[in-house]
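For what it's worth, this note's numbering labels the leading residue of the sequence shown as 6, then goes sequentially. Every residue, glycine too, gets a C-beta built ideally from N, C-alpha and C. As the structure is a prediction and not an experimental result, all values here were calculated from the model. Reading through the structure tokens given below for one structure.
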Amino acid sequence: MEWPYRIITDLTPEYKAARRESLDAFGTYAHFSALIPGLVYLLARFGSWVLGRRSSKRASYEAIPPSGRVGRSSSGRKLWWWLSEPMSSTGELGRRDQWVFGVAWAFWLLTLCIAGTGEDYAHVTKRFGIIAVSQIPVQTLLSLKAINPFARVFRTSHEEINRFHRTLGYIIYLFLCVHVLLYLNLFYQLNRLPERLVDEVVLPGEMAMVLFTTLLGTSLPKARQYSYRIFFVTHLSVVFLSSAFLLVHAKSAQFYITKALAVFVVDLVVRKITTSTAQAKVEVVPGTTLIKVTAKLPPRKISQFAERPGAHVYLSIPWGARPRSLYSLVYEFCFNPFTVAEVRQEAGEVVLVARKQDGPMTTRLVKLAEEGADARIPLSIEGPFGAFTKMLPSLVDSGVDRVLLVAGGVGASFALPVYKALKRSNPSAKVELTWAVRTASDAGWASSTDVTVTNGAASTPTDVLDDPDVHVFVTGKYPGSSDHYNGTASASSSVEMLVLPRAGEGARRGSQPLPHGRGRPDLKQIVDDVFRDEDVDAKVAVLVCGPRGMTEVVKESVAPWVRRGRDVVWHGENFGW
């Protein structure tokens with residue numbers, strides 16, 4: 006097959022104008038076609054709602070309703086599960102749904118790059134550039150925290166949408182690479198390569214490409230784990246510097262770059278307005294490396310947190326709580342995620358729990374705790390956020406029969422509020438929590454929280470650690486030392502959790518979860534027991550918040566039951582964005 010393009014040098018003004026019109030048109034098509042996935046999803050939701058209403062009306066006239074949620078939607082659940090699985094054992098390649106979306110979207114954009122270009126080599130070269138740039142505003146929208154339209158349409162959080170922000174970023178970079186390589190070949194074929202490389206229009210494009218390559222390198226999972234702050238600062242710097250270079254490089258990019266910058270700035274302004282500066286008490290939990298933050302918030306904010314169990318916030322340190330040194334500038338780039346472990350609505354307080362790491366945020370919090378045990382310091386709190394806060398209402402309304410929560414370390418700061426909310430809002434469902442901690446002291450912060458336990462007609466508040474449905478496993482040396490713990494600290498500076506070995510590494514095989522057991526819980530056995538105890542038509546929810554290894558073990562244990570057609574709601578909470 007011959008190369009279909011040739012370099013055309015004798016271009017008329019009319020041809021150039023028509024080519025410019027075609028480039029602008031296809032850039033517009035690519036840009037606004039990003040609305041299609043959202044519209045398809047909304048139509049699918051509407052169709053599902055209509056079918057649901059028709060089914061409920063038809064069932065009301067039937068003496069025996071059709072049985073088996075398993076039979077009707079088993080294939081759909083299996084497909085959903087397959088899409089949610091990682092592409093590699095390490096998880097660094099993302100999930101299958103990202104790849105399915107990425108391949109499909111790249112193919113669509115590639116079609117737009119080629120369509121209508123004829124045999125004009127320069128036309129297809131320029132088309133790759135304009136199509137790539139047309140996606141930058143879309144990629145910016147996918148990254149927003151406060152005003153993310155995709156998160157609203159798909160009824161999820163910005164963390165979940167952010168995965169596709171990264172996928173689209175790789176596609177944009179790939180198309181820009183093709184654009185650059187085709188242009189370099191064009192300059193070489195025309196014997197103008199040296200002079201064009203330093204051209205006042207071409208040079209800004211080269212600088213933008215260098216910045217994009219730097220951004221790609223710092224965005225890789227291992228680079229983010231090594232230093233999230235380097236990634237964050239690089240990301241922010243490249244956004245503005247590359248935009249300036251692209252505005253000089255190509256006038257046709259001005260609409261897209263200006264739009265991307267505008268929505269980015271608006272999101273920053275909204276986040277600034279909605280961020281609360283709270284007076285907070287910081288303390289170190291005795292016998293542990295845990296930090297407990299109790300922050301006073303206005304009633305309107307407290308109500309938002311009370312309505313969203315399992316939410317998290319972004320915590321930052323304002324100038325009033327920073328050290329008086331040049332080093333304090335590092336806190337301008339520290340926005341750490343902390344899960345809301347408890348909401349004390351009457352007192353107007355939220356409680357955050359985190360494990361001290363080597364980063365500047367938790368190091369400073371420990372320093373503040375040591376400086377004044379009873380002192381109140383200002384802390385900036387942005388939120389609430391979280392995918393599960395959007396999922397909880399539908400989970401309750403769906404009539405789930407059994408809920409298993411699994412937490413590792415301070416992952417219980419997510420699991421405990423969700424556990425209490427489900428106990429309160431869905432008393433007919435059996436809800437239980439398995440919590441693995443390094444030492445007994447690591448669970449001490451939870452003793453201040455209450456849960457309502459129902460015995461017959463009576464409901465009484467009790468210490469959550471005394472709840473018979475809460476099973477705490479101490480994995481390290483008892484009672485407070487971690488000298489012989491064989492786990493490892495989390496590599497990610499944004500993940501305040503410890504990493505547990507996989508099930509079977511020192512675990513008590515076949516053991517039943519005890520209220521306060523020793524050793525590692527046999528997660529596979531616990532999951533299997535939950536499904537065996539329930540009817541085949543029962544709807545089971547499995548919710549996990551812990552290190553990656555723990556989440557993988559639980560998900561691998563749930564997978565065989567999904568393949569058998571069981572109705573499973575799955576949620577894995579993590580802070581690896």
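query                                                                                                                                                  : result
According to DSSP, V476 sits in a beta bridge with which residue or residues?                                                                          : Residue identity differs from the one stated: residue 476 is His in this sequence, not Val. Paired residues: T439.
Please state whether the Cβ-Cβ distance between V423 and L295 is less than 8 Å.                                                                        : no
For D272 versus A392, is the C-beta distance shorter than 8 Å?                                                                                         : no
Can the beta-carbon of D474 be found closer than 8 Å to that of L427?                                                                                  : no
Taking just the CA atoms, how far does Y126 sit from S399?                                                                                             : 53 Å
With a cut-off of 8 Å on the beta carbons, I'd call V532 and V567 a contact; round off their distance for me.                                          : Contact doesn't hold; Cβ gap of about 11 Å is too wide.
Quick check on DSSP: helix, strand or coil for A538?                                                                                                   : Rather than Ala, the amino acid found at residue 538 in this sequence is Asp. It is helical.
Name the DSSP beta bridge partners of L357, please?                                                                                                    : V298 and V345
Where DSSP assigns a beta bridge to V573, which residues make up the other side?                                                                       : V545
So for I177, helix, strand or coil by DSSP?                                                                                                            : helix
Exposed or buried, which one is P142 when buried takes at least 16 other CB atoms within 10 Å?                                                         : buried
Going by CA-CA distance only, name the one from Q350, P365, V345 and V442 that's closest to V356.                                                      : V345
Return helix, strand or coil for A426, following the three-state DSSP convention.                                                                      : helix
Mind checking L421: buried by the 16 CB within 10 Å criterion, or exposed?                                                                             : buried
Go through the segment 162-236 residue by residue and report every complete run of the beta strand (DSSP E) that reaches 3 residues or more, in order. : none
For G416, count the other beta carbons within 10 Å of its own beta carbon; 16 or more makes it buried, fewer makes it exposed. Which is it?            : buried
Should H254 and P199 be called a contact, given that it needs their Cβ atoms to be closer than 8 Å?                                                    : no
Can you tell which of V545, G551 and N579 has its C-alpha closest to the C-alpha of A564?                                                              : V545
Pull up the DSSP beta-bridge partners for V243, would you.                                                                                             : Beta-bridge pairing links V243 to no other residue.
May I ask you to list the residues that DSSP assigns as paired with V408?                                                                              : V436 and A546
Using the Cα positions of E19 and V243, report the straight-line distance between them to the nearest angstrom.                                        : 37 Å
With DSSP as the reference, label E387 as helix, strand or coil.                                                                                       : strand
State buried or exposed for G81, treating a residue as buried only when at least 16 other CB atoms are found within 10 Å of its CB.                    : exposed
Among the candidates A412, P432, P389 and F31, whose CA atom is the shortest distance from the CA of D406?                                             : P432
Under 6 Å Cβ to Cβ from F43, same chain only, skipping five residues before and after it: list those, please.                                          : The question names Phe, but residue 43 is Gly in the sequence shown. Hits under 6 Å: V158.
With a 10 Å radius around its C-beta and 16 neighbouring C-beta atoms as the bar for buried, classify V442 as buried or exposed.                       : buried
Go ahead and pull the three-state DSSP assignment for P304.                                                                                            : helix
Considering Cα atoms alone, identify which of K306, N341 and R349 is closest to G364.                                                                  : N341
By the three-class DSSP mapping on this structure, what secondary structure does V567 have?                                                            : helix
Which residues bound the alpha helix (DSSP H) around V583?                                                                                             : Any answer about residue 583 is impossible in this case: the structure gives the chain only from 6 up to 582.
Can the beta-carbon of A258 be found less than 8 Å from the beta-carbon of L266?                                                                       : no
Mind checking whether G570 and S79 have CB atoms under 8 Å apart?                                                                                      : yes
Give me the Cβ distance between P9 and E124, rounded to the nearest whole Å; I'm assuming they're in contact under 8 Å.                                : 6 Å
Relative to the C-alpha of S247, which candidate in I235, T263 and L114 has its C-alpha closest?                                                       : T263
Kindly indicate the opening and closing residues of the alpha helix (DSSP H) around V287.                                                              : Looking at the DSSP string, V287 is not in any alpha helix (DSSP H); the run it does join, the beta strand (DSSP E), is S281 to V289.
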